[in-house]
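According to the numbering used here, the sequence shown is numbered sequentially starting from 375. Take a look at the structure below.
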Amino acid sequence: MQNLKLKTLTCLILIASLSVSCSKKDASSIGPGHHPNKKSIQIKGSDTMVNLVQAWAENFMAEYPDNLIAVTGGGSGTGLAALLSNTCDIAQSSRKIKDKEIQEAKSKNINPVEFSVALDGLAVTVNTKNPVSELTVDELADIFTGKIKNWKEVGGSDLPIVLLSREVNSGTHVYFKEHVLRKGDSKRQDEFAKSALLMPSSQAIADEITQNPNAIGYYGMGYTSPTQKFLAVGKDKKGPFYLPTIENVKSGNYYISRPLMMYVNGQPEGLIKEFIDFCLSKKGQEIVIQLDFVPNL
375 MQNLKLKTLT CLILIASLSV SCSKKDASSI GPGHHPNKKS IQIKGSDTMV NLVQAWAENF
435 MAEYPDNLIA VTGGGSGTGL AALLSNTCDI AQSSRKIKDK EIQEAKSKNI NPVEFSVALD
495 GLAVTVNTKN PVSELTVDEL ADIFTGKIKN WKEVGGSDLP IVLLSREVNS GTHVYFKEHV
555 LRKGDSKRQD EFAKSALLMP SSQAIADEIT QNPNAIGYYG MGYTSPTQKF LAVGKDKKGP
615 FYLPTIENVK SGNYYISRPL MMYVNGQPEG LIKEFIDFCL SKKGQEIVIQ LDFVPNL
């Protein structure tokens, strides 16, 4: 009789364990973006957007303190990969999702839905001691591909050019390569010079430029400060040359500008929808301006 009771108890424990295990598996298979009643969301991706999205999150949580929004960087590619693996609710990206990523998403039953939440101009920056104040797109391409190696070739001092770039997983890196090095031509194969130093973040580029009079780099407008000097950019030598300002980005006059996006799996619901709506609201877009990005409105 004792053995029978022990066997019965063991069976009940096993059934309960299987039930809990299946319940957990079902919940995880639903994915982060499909819990309309959840009180927390995970956002990953673009380092350019980290400070902006964090500011949105802090303001949103101040109004709705029962909710938690976690924001991390790592690059646009990292954010989109997390969305495709169902390990984040929102991917923040400073580039468009690629065709191969869309195909991968379909294979995993993920439906990326895009929201343009702000605009950004990529500021090309140098040290404040650098006498160069403007460059054409062709000159920028030649500098970053390594064809131009000395500042004297573009009207500067006789000093070697130190190239700073974001890492390859960065949406900023991809955008600059496609629109400056390759000038929007998908058939071109131009690459950054092998001598380019790949930096882990926009802030790392800004910090290096502050201390290195030979350096040149690029990053979102929101990272510019008086300790660096940003260059005016023209399509050719005739000009005009435009600085990366809100007015020039909104008008389309500044050549190196782009939308900043959020991607979610399917049409957003619940907290995810509320947060995106907040980002696109008048208050949310005022935060965009405060952080030196360009509003979508």
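Even glycine gets a Cβ: it sits at the ideal position worked out from N, Cα and C. Keep in mind it's a predicted model, so treat the numbers as computed, not measured.
Short Cβ contact (8 Å threshold) for residue i with residue j
i	j	result
Ser-576	Thr-422	yes
Ser-459	Met-635	no
Phe-518	Leu-555	yes
Leu-496	Tyr-593	yes
Leu-537	Ala-580	no
Ile-417	Val-445	yes
Arg-469	Val-548	yes
Lys-521	Pro-534	no
Leu-617	Asn-425	no
Leu-572	Ser-539	yes
Asp-532	Met-595	no
Straight-line Cα distance separating residue j from residue i
i	j	result
Pro-439	Phe-566	45 Å
Phe-434	Gln-641	20 Å
Lys-611	Val-511	9 Å
Tyr-637	Val-487	5 Å
Ser-544	Gly-529	30 Å
Tyr-628	Lys-551	17 Å
Phe-667	Lys-526	32 Å
Ser-507	Glu-582	19 Å
Thr-546	Asn-504	24 Å
Pro-574	Ala-436	30 Å
Glu-660	Asp-516	37 Å
Val-607	Asn-483	42 Å
Glu-643	Leu-454	19 Å
Ser-467	Ser-450	5 Å
Leu-457	Ile-464	7 Å
Gln-563	Leu-509	22 Å
Pro-600	Ala-479	42 Å
Gln-602	Asn-501	5 Å
Glu-621	Phe-615	14 Å
Pro-669	Phe-652	13 Å
Gly-448	Lys-609	32 Å
Ser-481	Asn-639	13 Å
Ile-443	Thr-584	33 Å
Ile-476	Asn-485	8 Å
Glu-541	Gly-613	31 Å
Lys-557	Gly-658	32 Å
Simplified DSSP assignment, three categories, for residue i
i	result
Asp-494	strand
Leu-654	helix
Glu-660	helix
Leu-634	strand
Ser-539	strand
Tyr-549	helix
Lys-641	Strictly speaking, residue 641 in this sequence is Gln, with Lys absent from that position. Coil, per DSSP.
Asn-377	At Asn-377 the pLDDT is 46, less than 50, meaning the model places this residue with poor confidence; the figure from the coordinates comes in the next sentence. The answer is helix: DSSP assigns Asn-377 an H, G or I state.
Asn-433	helix
Ile-583	helix
Ser-481	helix
Gln-466	strand
Lys-523	coil
Leu-533	coil
Ser-414	strand
Ile-443	strand
Thr-510	strand
Gly-502	Before going on, a small fix: residue 502 reads as Thr here, not Gly. Here Thr-502 sits in coil by DSSP.
Presumed contact (8 Å Cβ cut-off) between residue i and residue j, rounded CB distance
i	j	result
Thr-452	Gly-419	6 Å
Ile-590	Val-498	7 Å
Val-662	Ala-431	Contact flag wrong, Cβ pair sits at about 14 Å.
His-553	Ile-630	6 Å
Asn-441	Lys-413	5 Å
Quiz item: Quick one: complete alpha helix (DSSP H) runs, 4+ long, within the segment 565-633?
Solution: 576-585, 620-625
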